[in-house]
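In full-length UniProt numbering, the protein residues as written are 1 to 141.
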Amino acid sequence: MAAVVRLADVEVGTELPVQSSTVTRADLVRYAGASGDFNVIHWNERVATEVGLPGVIAHGMLTAGLAARAVTAWAGDPGALVEYSVRFSRPVVVPDDALGAEVVVAGRVAALLDDDRVRVDLTVTSGGEKVLSLARAVVQL
Numbered sequence: 001m002a003a004v005v006r007l008a009d010v011e012v013g014t015e016l017p018v019q020s021s022t023v024t025r026a027d028l029v030r031y032a033g034a035s036g037d038f039n040v041i042h043w044n045e046r047v048a049t050e051v052g053l054p055g056v057i058a059h060g061m062l063t064a065g066l067a068a069r070a071v072t073a074w075a076g077d078p079g080a081l082v083e084y085s086v087r088f089s090r091p092v093v094v095p096d097d098a099l100g101a102e103v104v105v106a107g108r109v110a111a112l113l114d115d116d117r118v119r120v121d122l123t124v125t126s127g128g129e130k131v132l133s134l135a136r137a138v139v140q141l
């Protein structure tokens, strides 16, 4: 499957559609089961606060995955994502309520590269705070 977005259709500054995802405690349970990461900071409020966290936090790789999904949705092909990196700068705190936490992903094409590739820089926030820094993807168009 080839990327739906074509190189001819993008330039430096092209913005990706903003994607918003809600993460609930139930999502954390499902992610723990899928990933095998049952660290108690992802489900136990008492332990999370005892170790200095503001509350139960989402798995970092779940947050990174949500950001990657915004890129692959834009490209139209998950296989078009050929490089991806992030740094975790702030945890996504997931309250024990029906609303959960919102993770918002915005991106823009930052560079046109060789071989029909583009670099996309991402801004990933939750609760108005940046949760990933240096989030970058290289996409084959």
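Each residue gets a CB set at the ideal place from its N, CA and C atoms; glycine is no exception.
Terminal residues of the continuous alpha helix (DSSP H) containing residue i?
i, result
"Glu83", "No alpha helix (DSSP H) holds Glu83; the beta strand (DSSP E) holding it covers Leu81 to Phe88."
"Ala73", "Gly60 to Ala75"
"Val47", "Glu45 to Glu50"
By DSSP, does residue i sit in helix, in strand, or in coil?
i, result
"Thr22", "strand"
"Pro17", "strand"
"Leu141", "coil"
"residue 209", "Since the first and last residues shown for the chain are 1 and 141, residue 209 lies out of range."
"Ala98", "coil"
"Val103", "strand"
"Asp9", "helix"
"Ala3", "coil"
"Gly33", "helix"
So, at 7 Å on beta carbons, what are the nonlocal neighbours of residue i in its own chain, with the 5 sequence-adjacent residues on each side left out?
i, result
"Gly52", "none"
"Val5", "Trp74, Ala75, Gly76 and Leu141"
"Tyr84", "Ala68 and Ala137"
"Val12", "Val109, Ala110, Ala111 and Leu112"
Once you ignore the five residues that flank residue i on each side, which residues in its own chain have a CB closer than 8 Å to its CB?
i, result
"Ser20", "Glu102, Val103, Val104 and Val105"
"Gly100", "Thr22, Val23, Thr24, Arg25, Asp27 and Val94"
To which residues does DSSP link residue i through a beta bridge?
i, result
"Asp121", "Arg108 and Arg136"
"Ile57", "Val93"
"Glu129", "Ser126"
Buried or exposed for residue i, please, with buried defined as at least 16 other CB atoms from any protein chain shown within 10 angstroms of its CB.
i, result
"Ser133", "exposed"
"Ala80", "buried"
"Pro91", "buried"
"Ala98", "exposed"
"Ala34", "exposed"
By Cβ distance below 6 Å, which residues in the same chain neighbour residue i in space, the five residues on each side in sequence not counted?
i, result
"Gly60", "Phe88"
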